[in-house]
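S.K.: Can you read through this structure? Questions will come right after.
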Amino acid sequence: MGEELDYAAELINRVIEGIVDAPGGPRIGLHVCRGNWSTREDVLLTGDYRPLLPALTKMRVRQFVLEYATPRAGEIKVVGRALSGLVPVQSPGPASHTDILRELGLGVVNPRTTEVETPEEIVARAEAALRFYRPEQLFLNTDCGFGCFANRCVNVEEVAAAKIRSIALAARMLREKYGC
Amino acid sequence: MTIFTTTQVGSWPRSRRMLRALRDRRLGQVTRAAFDRVADDEVRRTVRIQEEAGLDVLVDGEHRRDNFYSFVTDKLEGARLMSLAEMLDEMEDKSGFEEMLTTLDVPASAIRNPTCVGRLSRREPLAMDDFRFVKSLTDRPVKITLPGPYLLTRSMWVSAYTKKAYASQREMGEGVVRILREELQDLAGAGCEFVQFDEPVLTEVVLSGECGRRTFM
Numbered sequence: 001m002g003e004e005l006d007y008a009a010e011l012i013n014r015v016i017e018g019i020v021d022a023p024g025g026p027r028i029g030l031h032v033c034r035g036n037w038s039t040r041e042d043v044l045l046t047g048d049y050r051p052l053l054p055a056l057t058k059m060r061v062r063q064f065v066l067e068y069a070t071p072r073a074g075e076i077k078v079v080g081r082a083l084s085g086l087v088p089v090q091s092p093g094p095a096s097h098t099d100i101l102r103e104l105g106l107g108v109v110n111p112r113t114t115e116v117e118t119p120e121e122i123v124a125r126a127e128a129a130l131r132f133y134r135p136e137q138l139f140l141n142t143d144c145g146f147g148c149f150a151n152r153c154v155n156v157e158e159v160a161a162a163k164i165r166s167i168a169l170a171a172r173m174l175r176e177k178y179g180c
Numbered sequence: 181m182t183i184f185t186t187t188q189v190g191s192w193p194r195s196r197r198m199l200r201a202l203r204d205r206r207l208g209q210v211t212r213a214a215f216d217r218v219a220d221d222e223v224r225r226t227v228r229i230q231e232e233a234g235l236d237v238l239v240d241g242e243h244r245r246d247n248f249y250s251f252v253t254d255k256l257e258g259a260r261l262m263s264l265a266e267m268l269d270e271m272e273d274k275s276g277f278e279e280m281l282t283t284l285d286v287p288a289s290a291i292r293n294p295t296c297v298g299r300l301s302r303r304e305p306l307a308m309d310d311f312r313f314v315k316s317l318t319d320r321p322v323k324i325t326l327p328g329p330y331l332l333t334r335s336m337w338v339s340a341y342t343k344k345a346y347a348s349q350r351e352m353g354e355g356v357v358r359i360l361r362e363e364l365q366d367l368a369g370a371g372c373e374f375v376q377f378d379e380p381v382l383t384e385v386v387l388s389g390e391c392g393r394r395t396f397m
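The structure is reproduced here in C-alpha cells:
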C-alpha cells in the first residue's frame, strides 16, 4: 500500500514539475474523493484522510480539493494539521519548502442529495476549517461533481444550481465577517 | 486578495438532450459538429447558471466527456473505450470483479474504461478546446479538470490488452506522465487559471483494505 501511495505522489510531482512553481502559472489542485458512482451512502467508501497523508504531504500541489460535506470524510483536523503549511521543494537542499502556501478546496455540499445545504451550515463548516487555514487559503466547493458517468447522473440541474447558490451566499457572509 | 473563493469540482448534471447526444456519439450516429452544437449549448447554460449563482471560478461542466477519465480515449492514440461489462471477459478474477461491482452498486454497462491497447500519445489536446470555449463565454477565471496520472496508470492497464504495447504498468505510466505534462504546459501557456487533477482511486487504495484488488476505476 505504501509503495502504491509513493508511486502516486511521484507521478503527480513529475507531471507538475517546473510548472507548479512558475510565476503566473495555473493554480494546481488535486481532488480526492470516496466515489461518486452511487447515491447509496452505504456503498461509498468511508474513512478520514489520515492513511493518505504520507502521500499527500509529498505532493507538490498547491491545493487539495477534498470532500467534507458528509460524515464519511472524517474530521477537518486530519488535513488541517498536515496540509495547511508550505508546499515542499522538488529536491530538498538548503530550503525544504517553497514560499507557496497550501490551500484547501473545502467540500461543503453533497452533490448526490436532493436536500440543499443552507448558507449557515456552509459557514459553520468553513469556520471549522478556519482553525487551521487563513481565509485566503480556503476555497469553498462541492464535494465532487454533479454529473459523472455518461448515462447516469447523480443529481439534477435545479438542485445543483440551488447548491452552488448556497455556496456563493455563504462566501458572501464569510467575507463580511472575516474580510478586511 | 480574494478570500473564500467559490468553485466546483467539475461535472454538471446532463440534460436528456446531452445524454442522447453522448449516446449517439458512442454509436457513431452523429457528426462531431452536430455533437458539439448540443454540447456548446449545454456549456453555455452551465456557465450562465454559475455566473448567476455568483461563483468565482467556473467549470464547463464536463458535458463532452463520456466520464471524467474515460474521455481520454477520444483524444489519445493507443486507447480504447470499453465498458466494464466488456472488460469482464478479459479479467483474471472474473467472479471477484463481478461481485465487487454488485456489492458497490456499480453500473457495469454504464461505466466505461479507457483501456490502453497501444503506445500512448496525444492525437489532440485533452482539454484545450474545452478551455478555449469556456473562456470565450466568461471573463471569470476557469478551472479545467484532468484525470490524475495515478488514476490513468491504474485504470488504463488491462494486461490482456496492454501487454502488447508496454512491458509493465510502470512503463505505461511514463507515457501517461508525458501526456499529462504536455497538456498542463499547453493549458499554462493558454492562461488557464486553475488545473485540477482527479485522483479518486487513491482513497480506494487505502480505504477498501483490499490491496492489489483491481477496482473499477
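Chain order of the listed sequences is A and B.
Residue 1 is where the first sequence starts when you use this note's numbering, and the numbers rise one by one after that.
Residue 181 is where the second sequence starts when you use this note's numbering, and the numbers rise one by one after that.
By construction, the Cβ of each residue, glycine as well, lies at the ideal position given by its N, Cα and C atoms.
All of these numbers come straight from a predicted model, not from anything done at the bench.
Return yes when the Cβ of residue 26 of chain A is within less than 7 Å of the Cβ of residue 374 of chain B, no when it is not.
M.R.: yes
S.K.: Residues bridged to residue 263 of chain B by DSSP?
M.R.: B:292
S.K.: When the cut-off is 7 Å and only beta carbons count, does residue 140 of chain A lie next to chain B?
M.R.: yes
S.K.: Bridge partners of residue 141 of chain A, per DSSP?
M.R.: A:107
S.K.: Within a Cβ cutoff of 6 Å, which residues of the same chain sit near residue 125 of chain A, ignoring the five residues on either side of it in sequence?
M.R.: 108
S.K.: Answer yes or no: do residue 244 of chain B and residue 219 of chain B have a C-beta to C-beta separation smaller than 7 Å?
M.R.: yes
S.K.: Just curious, the beta strand (DSSP E) that residue 29 of chain A is in, first and last residue?
M.R.: 27-32
S.K.: Please state whether the Cβ-Cβ distance between residue 237 of chain B and residue 323 of chain B is less than 7 Å.
M.R.: Their beta carbons are under 7 Å apart, which means residue 237 of chain B touches residue 323 of chain B by this criterion.
S.K.: Indicate whether at least one CB of chain B lies closer than 7 Å to the CB of residue 174 of chain A.
M.R.: yes
S.K.: Does residue 31 of chain A pass the burial test, meaning 16 or more other C-beta atoms within 10 Å, or should it be called exposed?
M.R.: buried
S.K.: Consult DSSP for residue 122 of chain A and reduce its assignment to one of helix, strand or coil.
M.R.: helix
S.K.: Rounded to the nearest angstrom, what separates residue 92 of chain A and residue 274 of chain B at their Cα positions?
M.R.: 45 Å
S.K.: Shorter than 7 Å from the beta carbon of residue 318 of chain B to some beta carbon of chain A?
M.R.: No - not a single Cβ of chain A is within 7 Å of the one on residue 318 of chain B.
S.K.: Give the single residue among B:229, B:257, B:194, B:328 whose Cα lies nearest to the Cα of residue 11 of chain A.
M.R.: B:328
S.K.: Which one of B:240, B:239, B:263, B:347 has the shortest CA to CA distance from residue 281 of chain B?
M.R.: Nearest of B:240, B:239, B:263, B:347 to residue 281 of chain B, Cα basis: B:263.
S.K.: I'd like to know whether the C-beta atoms of residue 49 of chain A and residue 84 of chain A end up nearer to each other than 7 Å.
M.R.: no
S.K.: Secondary structure at residue 215 of chain B, three-state DSSP: helix, strand or coil?
M.R.: helix
S.K.: So, using beta-carbon positions, are residue 376 of chain B and residue 29 of chain A closer together than 7 Å?
M.R.: yes
S.K.: Excluding the 5 residues flanking residue 242 of chain B on each side, which residues of the same chain have their C-beta closer than 6 Å to its C-beta?
M.R.: Within the same chain, residue 242 of chain B has close Cβ partners 190, 191.
S.K.: Using a C-beta cutoff of 7 Å, does residue 124 of chain A count as contacting chain B?
M.R.: no
S.K.: Give the residues of chain B in contact with residue 92 of chain A, contact being defined as C-beta atoms less than 7 Å apart.
M.R.: Near residue 92 of chain A there are no residues of chain B at all, since even the closest Cβ is about 21 Å away, more than 7 Å.
S.K.: Using a Cβ-Cβ distance cut-off of 7 Å, determine whether residue 400 of chain B contacts chain A.
M.R.: Residue 400 of chain B lies beyond the range of chain B shown here (181 to 397); nothing can be said about it.
S.K.: Output, in sequence order along the chain, the residues in the region 184-205 of chain B whose CB is closer than 8 Å to any CB in chain A.
M.R.: 184, 185, 186, 187, 188, 189, 190, 191, 192, 193, 194, 195, 199, 202, 203
S.K.: With respect to the beta strand (DSSP E) encompassing residue 376 of chain B, which residues constitute its N-terminal and C-terminal limits?
M.R.: 374-378
S.K.: Under 7 Å between beta-carbons, which chain B residues line up against residue 135 of chain A? List them in chain order, please.
M.R.: Simply 183, 184.
S.K.: Got a sec? Which residues, its chain only, sit under 6 Å from residue 8 of chain A by beta carbon, not counting five neighbours each side?
M.R.: 55
S.K.: Out of B:355, B:214, B:227, point me to the one whose CA is closest to residue 258 of chain B's CA.
M.R.: B:355
S.K.: Would you call residue 235 of chain B buried or exposed, if buried means 16 or more other Cβ atoms sit within 10 Å of its Cβ?
M.R.: buried
S.K.: Can you tell me the Cα-Cα spacing of residue 87 of chain A and residue 33 of chain A, whole angstroms?
M.R.: 21 Å
S.K.: Strictly below 7 Å CB to CB, what residues from chain A border residue 372 of chain B?
M.R.: 26
S.K.: Under 7 Å between beta-carbons, which chain B residues line up against residue 11 of chain A? List them in chain order, please.
M.R.: 329, 330, 333, 353, 357
S.K.: Using alpha carbons as the reference points, say which of B:208, B:203, B:309, B:232 lies closest to residue 325 of chain B.
M.R.: B:309
S.K.: To the nearest whole angstrom, what separates the beta carbons of residue 57 of chain A and residue 73 of chain A, a pair I think is in contact under 8 Å?
M.R.: Not quite, the Cβ-Cβ distance comes to about 18 Å (not below 8 Å), so this is no contact.
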